[in-house]
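Trainee: Using the working numbering, read the sequence shown as starting at 154 and increasing by one per residue.
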Amino acid sequence: MKTLEKTELGQFTTMKIGGVADKICFPSTIRELIDLIDKLMSKNEPWSLVGGGSNILASSQNIPGTVICTTGLNLIEQLGPDLLIAGAGVRLPRLSAYASKLSLSGMEFFEGIPGTVGGAVVMNAGAHGHSTNQILETVTVLDLKKGKVEVLTLKDIIFGYRISTINPQEQIVLSAKFRMVPDTEAAIRTRMKANNLARRSSQPIKDPSAGCTFKNPIELNMPAGKILDSIGAKNWTIGAAQVSSIHANFIINLGSADSQDVCKLISKMQESTFEKYNILLKPEIKPLGVFKESEAIIWTNADQTTNSSFIITK
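1) Which partner residues of leucine 295 appear in the DSSP bridge assignment?
2) Identify the continuous alpha helix (DSSP H) that holds glycine 272 and give its terminal residues.
3) For the putative contact between alanine 211 and threonine 269, defined by C-beta atoms under 8 Å, what is the C-beta separation to the nearest angstrom?
4) Assess contact between the region 345-358 and the region 292-301, defined as three or more Cβ pairs (one per stretch) separated by less than 8 Å. Is contact present?
5) Compare the Cα-Cα distances from threonine 285 to each of Thr293, Ala273 and Lys445 and report the closest residue.
6) Measuring straight from C-alpha to C-alpha, what distance separates isoleucine 438 and isoleucine 391?
7) Could you pull out every residue in the same chain whose Cβ sits closer than 7 Å to the Cβ of proline 376, ignoring the five residues on either side in sequence?
8) Could you name the residues of the same chain whose beta carbon sits closer than 6 Å to that of lysine 159, not counting the 5 residues immediately before and after it, in chain order?
9) Which whole-angstrom value is the C-beta distance of lysine 330 and glutamate 290, which I expect to be below 8 Å?
10) Looking at the strands, I want to know which residues DSSP matches up with asparagine 406.
11) For the beta strand (DSSP E) holding leucine 255, just list the boundary residues, first then last.
12) Taking all protein chains shown into account, do 16 or more other C-beta atoms lie within 10 angstroms of the C-beta of glutamate 261, making it buried, or fewer, making it exposed?
13) Ends of the beta strand (DSSP E) at tryptophan 200?
14) Would you identify the three-state DSSP class for threonine 459, choosing helix, strand or coil?
15) Alpha carbons only, please: which of Ile221, Thr306 and Lys346 is nearest the one belonging to alanine 185?
16) So, is the C-beta of serine 398 closer than 9 Å to a C-beta in chain D?
17) Below 8 Å CB to CB, which residues in the same chain sit around tryptophan 389 once its five sequence neighbours on both sides are set aside?
18) Keeping to the same chain, check which residues put their C-beta closer than 7 Å to that of glycine 225; ignore five residues upstream and five downstream.
19) Let me check understanding here. Comparing Cα to Cα, which of Glu303, Leu202 and Ala401 lies closest to threonine 219?
20) Helix, strand or coil: which one does DSSP assign to glutamine 231?
21) Could you check what DSSP says for isoleucine 209 in three-state terms: helix, strand or coil?
22) Roughly how many angstroms lie between the CA atoms of asparagine 215 and glutamate 446, to the nearest whole one?
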């Protein structure tokens with residue numbers, strides 16, 4: 154198993170932000186992952202889990218303990234005419250391309266999403282009117298409380314908008330099965346290309362970001378990006394963190410941003426939105442590492458402390 158010590162985590166996140174981690178491990182098999190977690194838990198050592206590094210804001214302070222990166226769990230296999238299984242670390246565009254070559258439809262919306270299967274299942278990732286739960290068959294998890302591997306069906310999981318009842322603090326996604334629909338490869342590729350073009354024209358894909366900053370609020374019939382655009386948030390800048398000029402629900406790293414810059418900018422976006430609309434935008438980005446109480450408030454005030462790996466200090 155590949156292991157790095159005293160290494161900056163930022164190079165493994167899409168926002169290119171993250172302090173020095175004590176240790177970063179890259180298990181290449183489910184057995185390696187389970188054994189590593191067992192070892193860390195038996196020694197009561199701190200650890201956290203990341204996939205492709207999207208949808209997270211890693212603290213610029215040092216990251217205590219071991220960070221486990223699941224990108225080595227990248228096997229994909231066809232189990233039946235319309236059934237695929239993919240490891241937790243499989244990147245979504247690769248899975249979408251794999252399915253298209255088999256003339257299997259349903260994953261076209263994964264095209265361009267910079268996440269992995271594990272994160273997609275936990276957060277019920279989606280785009281273009283589609284979401285992960287619509288094609289999901291089963292999820293294999295390591296239940297930390299029970300100390301065993303379990304297979305969850307859709308009856309065992311409740312899915313919502315960018316959320317599920319799978320708790321990464323207790324259930325580690327190992328793999329997932331997806332039920333597809335046959336179609337021609339040409340038709341599938343056409344939809345993938347359209348999705349990719351739509352993303353490229355409306356999102357700052359060339360700039361380091363964590364993806365969408367906020368979930369779309371259910372209180373308003375308006376996406377978070379349009380809400381933020383309406384208050385003039387585009388190009389707001391704190392330090393080297395900036396609200397994208399292309400899409401107001403994206404914060405980009407201009408090159409030297411740290412997590413403090415991003416937290417301050419998110420706080421400003423929340424406060425300004427609350428003043429105009431009387432709603433508190435909930436971050437879609439999850440925290441990882443050590444954050445000051447004044448920074449962590451962007452999650453705790455929005456009741457986003459669940460399903461995250463971070464420590465709050467005074």
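The beta-carbon is built from N, C-alpha and C at its ideal position, and this holds for glycine as well.
Mentor: Put simply:
1) Val302 and Ile325
2) 270-276
3) Their Cβ separation, rounded to whole angstroms, is 16 Å, which puts alanine 211 and threonine 269 out of contact at 8 Å.
4) no
5) Ala273
6) 18 Å
7) Asn369
8) Val173
9) 4 Å
10) Ala394
11) Segment: none, leucine 255 is in no beta strand (DSSP E) and carries neither H nor E.
12) buried
13) 200-203
14) Because the pLDDT of threonine 459 is 46, which lies under 50, any placement of that residue in the model is unreliable, and the number read from its coordinates should be weighed accordingly. In the structure shown, threonine 459 sits in coil (DSSP, three-state: anything other than H, G, I, E or B).
15) For the record, residue 185 in the displayed sequence is glutamate; it is not alanine. Of Ile221, Thr306 and Lys346, the residue nearest in Cα terms is Ile221.
16) Among the chains in the structure shown there is no chain D, since it carries only a single protein chain.
17) Gln395, Val396, Leu418, Lys421 and Met422
18) Phe179, Pro180, Ser181 and Gly242
19) Leu202
20) strand
21) strand
22) 16 Å
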